[in-house]
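Undergrad:
Chains as they are written, first to last, in the working numbering: chain A, 1 to 337; chain C, 1 to 337.
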């Protein structure tokens, strides 16, 4: 399998990206190939050991870089030789089986969507993120690819994230919840209410109805479907709140007793490990015709290593085929969207 | 000042509500009057001590109750003698200066909006909740009153929550952030982008631009404006996540050592006290022509006591006058909304 990685994506590029690529080599098979995409001279300078592993890692030159805060659409046009644009083109030409980037999320979504096209039956791709919770992993889709969401998109996010949950996380019959502002049928905006009807009409979906923000962490469901704006707020709020809360606890402990604080450090580390999103490597852009993973901007080498493994599992488990099959069988259709 | 309280609102009604009312009496002035609204026989049975405090607490009979999960609009029509409907009518007729309920939020919003009408210059009321954060209190508006939000509403939520922050929380020049999915101008949906322009054009507003979910807890701003669906998800997610995280910590500590867990209990309690939303009592429905506080469904007696004090401050500080003044001076106008 060929996996192309954006060497210049994320806050810690290229060092952590390249380190992650090198770390992943030992867990790959002989016929796997990693393709680093970015400015040749920068990558080669960082890769003195590359030559000794000839065949395992190759480089595709992409001289430009899209910054994390650039506006996606215009930038992609202006920088056709950026690592993200080249990554997408490799996928389009069938020169790679998977693409991975920790770069500008908006640019990744736009480039991958444009070049890879959608899977048959999918109206709009969505980013799925796995939230580690005390009740097990919860997949939330979409967290930012689509901020003009229609009911059919929300339904399809439930389908796609459900397939992901079942076949990659091993959840037998994933319970799908629809993010709203109250459990009752009448709650939510018009898009949510219509999506609810679509989801209810699919007897193959284990739909548990509307859920609320608090339900993500209480074991109510395995999959959450929501529009990209809301999902993005959920994702970032969770990050910020966990950080803030740990800081608050640390502060209180320091006030109390240094010895207690030291002991607690160990506990915090254990919790961090248990609920570490880096474990899942990256968030798949579900619905594109290919394997595309978008990683956190703060990705470390282990995130990239895990993303490489995750892309391999996504590819070999044929997640996309399973999504297409599900959608070709479903009775849920809409002309709108 | 006359303050009317829904005796039947919330999961712990009427016991905790009535207990909160009795607790609040000592902090009130001689000419303050509390009006308990609900089924007379239930309230009187719970109030044996009422007679000895004649004048301080009176009862207005409202035989019906709107359940927490009933659909607001239809229910209000069907139950004109419910405690929430009667509460709203008292306000309309000028028979009370403030209304407080921990009951069905949707029904409260609908009833108060319909009977009390909007303040001059306000297009749509919004619920403002105070989040206690390490950087100080952050006011978030709206958290669920308005799920069909227009740019002018978002702008006005910033104005109203800013007035609240300044005059009730003592923040000198509150920094207002607009909830979006990235700091850059181009990020967000159409409503957010247009709201951003309105906010930028108001030189009296200390607008800090787009914020993201994580910024609520990192001291970036004092006021967050967002549409009701997003705000409601934020509110409930925060509750659920804090609970879930404390449970996870407790679990790890119990695994470790019981003695450490016991010590940590004390720390947790301190954090709970410091970041306890019950302190703020209730969330004002900003923008209605009157003083209306909506309390958490799980309100305890101290929440109600604090809400009564908060309504008094809201009323005596003339928050509504300050909102009307601000909006009559602003250059921000729109024909849409």
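Don't be surprised by glycine CBs; every beta carbon is placed ideally from N, CA and C.
None of the values given here were measured: they were computed from a predicted structure.
Would you kindly work out how many angstroms separate the C-alpha atoms of residue 135 of chain C and residue 193 of chain A, rounded to a whole number?
TA: About 37 Å.
Undergrad: Out of C:311, C:81, C:126 and C:200, which one is the CA nearest neighbour of residue 143 of chain C?
TA: Selected option, being the one with the closest Cα: C:126.
Undergrad: Take the Cβ of residue 52 of chain C as the centre, count every other Cβ of all protein chains shown within 10 Å, and call the residue buried at 16 or more, exposed below.
TA: Unreliable positioning characterises residue 52 of chain C in this predicted model, as indicated by a pLDDT of 49, which lies under 50. A coordinate reading is not provided.
Undergrad: Looking only at C-alpha atoms, which of C:87, C:71 and C:69 sits nearest to residue 63 of chain C?
TA: Of the listed residues, the one whose Cα sits closest to residue 63 of chain C is C:87.
Undergrad: List in chain order: all unbroken alpha helix (DSSP H) runs of 4+ residues lying wholly within the region 294 to 329 of chain C.
TA: 301 to 316 and 319 to 329, all fully within the region 294 to 329 of chain C.
Undergrad: Identify every run of the alpha helix (DSSP H) within the region 80 to 155 of chain C, keeping only runs that are complete inside it and at least 4 residues long; order them along the chain.
TA: Entirely contained in the region 80 to 155 of chain C, the alpha helix (DSSP H) runs reaching 4 residues are, in chain order, 83 to 92 and 105 to 116.
Undergrad: Alpha carbons only, please: which of C:198, C:200 and C:313 is nearest the one belonging to residue 338 of chain C?
TA: Look at the range of chain C in this structure, 1 to 337, and you will see that residue 338 of chain C is not part of it.
Undergrad: Whole angstroms are fine: how far does the CA of residue 90 of chain A sit from the CA of residue 239 of chain C?
TA: Going from the Cα of residue 239 of chain C to the Cα of residue 90 of chain A covers about 44 Å.
Undergrad: At a CB-CB cut-off below 7 Å, which residues of chain C make contact with residue 217 of chain A?
TA: Within 7 Å Cβ-Cβ: 240, 241 and 244.
Undergrad: In terms of alpha-carbon separation, which member of C:297, C:182 and C:324 lies closest to residue 119 of chain C?
TA: Residue 119 of chain C has its Cα closest to that of C:324, out of C:297, C:182 and C:324.
Undergrad: For residue 148 of chain C, which residues in chain A fall below 9 Å Cβ to Cβ?
TA: Going along chain A in sequence order, the residues near residue 148 of chain C (Cβ under 9 Å) are 189 and 190.
Undergrad: Would residue 133 of chain A count as contacting chain C if we go by Cβ distances under 8 Å?
TA: Residue 133 of chain A counts as touching chain C.
Undergrad: Beta carbons nearer than 9 Å to chain A: which residues of the region 194 to 223 of chain C have them?
TA: So the list reads 212, 213, 214, 215, 216, 217 and 218, given in the order they occur along the chain.
Undergrad: What span of residues does the alpha helix (DSSP H) with residue 58 of chain A cover, start to end?
TA: It is not in any alpha helix (DSSP H) - residue 58 of chain A instead sits in the beta strand (DSSP E) that spans 57 to 61.
Undergrad: Tell me which residues of the region 164 to 184 of chain C have at least one Cβ-Cβ distance to chain A shorter than 9 Å, keeping chain order.
TA: Residues passing the 9 Å Cβ filter: 179, 180, 181, 182, 183 and 184.
Undergrad: Residue 265 of chain C: buried (16+ other C-beta within 10 angstroms of its C-beta) or exposed?
TA: Exposed, since its Cβ has fewer than 16 Cβ neighbours within 10 Å.
Undergrad: Just to confirm my understanding: we take residue 42 of chain A, look at its own chain, exclude 5 residues before and 5 after, and list those with CB closer than 7 Å. What are they?
TA: 14.
Undergrad: Nearest by alpha-carbon distance to residue 191 of chain A: which of A:327, A:154, A:218 and A:61 is it?
TA: The shortest Cα separation from residue 191 of chain A among A:327, A:154, A:218 and A:61 belongs to A:154.
Undergrad: Do you know how far the Cα of residue 9 of chain C is from the Cα of residue 304 of chain C?
TA: About 11 Å.
Undergrad: To the nearest whole angstrom, what separates the beta carbons of residue 213 of chain A and residue 235 of chain C, a pair I think is in contact under 8 Å?
TA: Correct: roughly 7 Å between the Cβ atoms.
Undergrad: Using the C-alpha atoms, what's the distance from residue 149 of chain C back to residue 198 of chain C?
TA: Residue 198 of chain C and residue 149 of chain C: Cα-Cα distance of roughly 14 Å.
Undergrad: Tell me whether residue 230 of chain C sits in a helix, a strand or coil according to DSSP, three-state version.
TA: Three-state DSSP puts residue 230 of chain C in a helix.
Undergrad: When you compare the region 161 to 173 of chain A with the region 243 to 254 of chain A, are there three or more beta-carbon pairs, one atom per stretch, that lie closer than 8 Å?
TA: These segments do not touch.
Undergrad: Relative to the C-alpha of residue 248 of chain C, which residue among A:270, A:251 and A:247 is closest?
TA: Considering only alpha carbons, the answer is A:270.
Undergrad: List the residues of chain A whose Cβ lies closer than 9 Å to the Cβ of residue 253 of chain C, in chain order.
TA: Residues of chain A passing the Cβ test: 264 and 267.
Undergrad: Alpha carbons only, please: which of C:115, C:24 and C:17 is nearest the one belonging to residue 291 of chain C?
TA: Among C:115, C:24 and C:17, the Cα nearest to that of residue 291 of chain C belongs to C:115.
Undergrad: For residue 305 of chain A and chain C, any beta-carbon pair shorter than 8 Å?
TA: It does not; no Cβ of chain C falls within 8 Å.
Undergrad: Using 10 angstroms around the beta-carbon of residue 177 of chain A, count the other beta-carbons present and answer buried if the total reaches 16, otherwise exposed.
TA: Looking at its Cβ environment, which holds 16 or more other Cβ atoms inside 10 Å, residue 177 of chain A is buried.
Undergrad: Hey, residue 161 of chain A and residue 128 of chain A: beta-carbon distance below 8 Å or not?
TA: Yes, these two residues count as a Cβ contact at 8 Å.
Undergrad: Given this structure, state the Cα-to-Cα distance separating residue 210 of chain C from residue 188 of chain A, to the nearest angstrom.
TA: Going by the C-alpha atoms only, they are around 24 Å apart.
Undergrad: Please state if the CB of residue 326 of chain A and the CB of residue 163 of chain A are separated by a distance shorter than 8 Å.
TA: A contact, by the Cβ cut-off of 8 Å.
Undergrad: Suppose contacts are defined by Cβ-Cβ distances below 8 Å. Is residue 98 of chain A in contact with residue 4 of chain A by that definition?
TA: Their beta carbons are under 8 Å apart, which means residue 98 of chain A touches residue 4 of chain A by this criterion.
Undergrad: Can you find the residues in the same chain that come closer than 8 Å, C-beta to C-beta, to residue 165 of chain C, ignoring five residues on each side of it along the sequence?
TA: So the list reads 137, 139, 171, 174, 222 and 223, once near-sequence residues are dropped.
Undergrad: So which residues on chain C does residue 248 of chain A lean against when the C-beta distance must stay under 8 Å?
TA: 134, 271, 274 and 275, listed in chain order.
Undergrad: From this set, C:39, C:331 and C:237, which residue's C-alpha is nearest residue 18 of chain C's C-alpha?
TA: Checked all of C:39, C:331 and C:237; the closest Cα to residue 18 of chain C is C:39.
Undergrad: Can you tell me the Cα-Cα spacing of residue 46 of chain A and residue 259 of chain A, whole angstroms?
TA: In a straight line, the C-alpha of residue 46 of chain A is about 42 Å away from that of residue 259 of chain A.
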